[in-house]
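Read through the structure below, which is laid out as structure tokens, and then see the notes.
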Ligand code: ATP
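In the UniProt record's numbering, the protein residues as written are 1 to 361.
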């Protein structure tokens, strides 16, 4: 934590009788790349708009660097926003689009020109200044929007699904690019997205939102490996959730029964410590073999029947019907050697217990 952090304190926003943001409390560290991730309608944009000053909280307060900005007018906040629709001025050149905010602030021509050139270099559009937005690709227009939002040196940059209009390949390129730019300028980026891969690729910290609240907050890898709930496990990638029962505790471990398997999991990997639970394992942590006899020692395993296979290039995805009726998803890396097991084949699915986590059912 630092004095320059952005703090959202007990913020609620209601529209009529509907609560879009529900008593939200969040500290966004100064200089971090923070992602608000959630399904459509969970309140991400409303949260961002309150930080921008485009929406007033019904309750609670927002502070930046210790200053209460809850009711500060949008243009008086040291905050800028990049939207999915780039909202560039079509009749102005790229350079004039970027210079717009500087002109309004009364910055002199020479200083403005220098700053614009610096920003265009930053977004790798040096030399594009004289062009009109219509002469640029979608990805280039998005970079101009970014340069325009950064030129005033805001303390916080808000990004509302800024890559949503780009095709997948370009989006992946821009994710890496945005991360590079954030590292270079060092200011706080708050990025709203419903794309979990995008959030995990770019952000230092991800907050998963649901129904106006934070479901879990943390570093992407930590949340992926150790989700707090079945909802987060499924929202951040895919997860197999196997019905299980906590049977006891021993030496700091939680012992769990899951379909004939007795597992001991470190307490740190368990969100529940008694009663019924769900044992989670990611598809890439599961392995297939011919039958229970072939399972390596120390692995947990269940029998199953393959119901579907799909080759995805990097891996083959298998669906395996488990004894309790649901299907397990298994990703097997494509080694180019093994011939895939066909639907109908009886197999054992096995995994290292240390690769499991336990969440509430
Ligand atoms: P999306 O990814 O679809 O933009 P979101 O998570 O950003 O979704 P918000 O735009 O914050 O969600 O909306 C949260 C909820 O608040 C939604 O149910 C939405 O319909 C409602 N809402 C947002 N703005 C208004 C408004 N001005 N008036 C009434 N309801 C609103």
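Beta carbons are placed, not taken as given, at the ideal position from N, Cα and C, and that holds for glycine. In this text, all values refer to a predicted model and were calculated from it rather than measured experimentally.
Check: Residue environment, residue 248, which counts as buried when at least 16 other CB atoms sit within 10 Å; Outcome: exposed
Check: Beta-carbon proximity check, residue 79 vs residue 184, cutoff 8 angstroms; Outcome: no
Check: Rounded straight-line distance, which links the Cα of residue 295 to that of residue 34; Outcome: 42 angstroms
Check: Rounded straight-line distance, which links the Cα of residue 180 to that of residue 362; Outcome: For residue 362 there is no data in the structure shown, the boundaries of the chain being 1 and 361.
Check: Candidates 21, 44, 348 and 49: closest to residue 319 by CA position; Outcome: 348
Check: Span separating the alpha-carbon of residue 172 from that of residue 275; Outcome: 42 angstroms
Check: Beta-carbon spacing of residue 307, residue 327 below 8 angstroms; Outcome: yes
Check: Cβ-heavy atom distance, residue 191 to ligand 1, below 7 angstroms; Outcome: no
Check: Heavy atom of ligand 1 within 7 angstroms of residue 85 beta-carbon; Outcome: no
Check: Cβ-heavy atom distance, residue 15 to ligand 1, below 7 angstroms; Outcome: yes
Check: Closer than 7 angstroms: residue 270 CB and nearest ligand 1 heavy atom; Outcome: no
Check: Ligand 1 heavy atom lying under 7 angstroms from the CB of residue 25; Outcome: no
Check: Through-space distance from residue 71 to residue 236, alpha-carbon basis; Outcome: 34 angstroms
Check: Of the listed residues 12, 19 and 16, nearest to residue 25 (C-alpha basis); Outcome: 12
Check: Per-residue burial, residue 8 [other beta carbons within 10 Å of its own, 16 or more giving buried]; Outcome: buried
Check: Range of the contiguous beta strand (DSSP E) that encloses residue 118; Outcome: Taken as a continuous stretch (DSSP letters only), residue 118 belongs to no beta strand (DSSP E), being part of the alpha helix (DSSP H) at 109-122.
Check: Reduced DSSP secondary structure (H/G/I, E/B, other) of residue 261; Outcome: strand
Check: Unbroken alpha helix (DSSP H) run spanning residue 13, endpoints; Outcome: It is not in any alpha helix (DSSP H) - residue 13 instead sits in the beta strand (DSSP E) that spans 6-15.
Check: Buried versus exposed, by CB contacts within 10 Å (16 or more), residue 28; Outcome: buried
Check: Residue 81: first and last residue of the uninterrupted beta strand (DSSP E) it sits in; Outcome: 79-82
Check: Per-residue burial, residue 160 [other beta carbons within 10 Å of its own, 16 or more giving buried]; Outcome: buried
Check: Proximity to residue 329 [Cα-Cα], best of 314, 288 and 297; Outcome: 288
Check: Three-way DSSP call (helix, strand, coil) for residue 312 in this model; Outcome: coil
Check: Same chain, Cβ closer than 6 angstroms to residue 170, neighbours up to 5 away in sequence not counted; Outcome: 139
Check: Three-state class that DSSP yields for residue 240 in the structure shown; Outcome: strand
Check: For residue 43, the first and last residue of its enclosing alpha helix (DSSP H); Outcome: Here residue 43 belongs to no alpha helix (DSSP H), and DSSP marks it neither H nor E.
Check: Residue 232 (DSSP reduced to helix, strand or coil); Outcome: helix
Check: Whether residue 358 touches residue 300 by CB criterion (8 angstroms); Outcome: no
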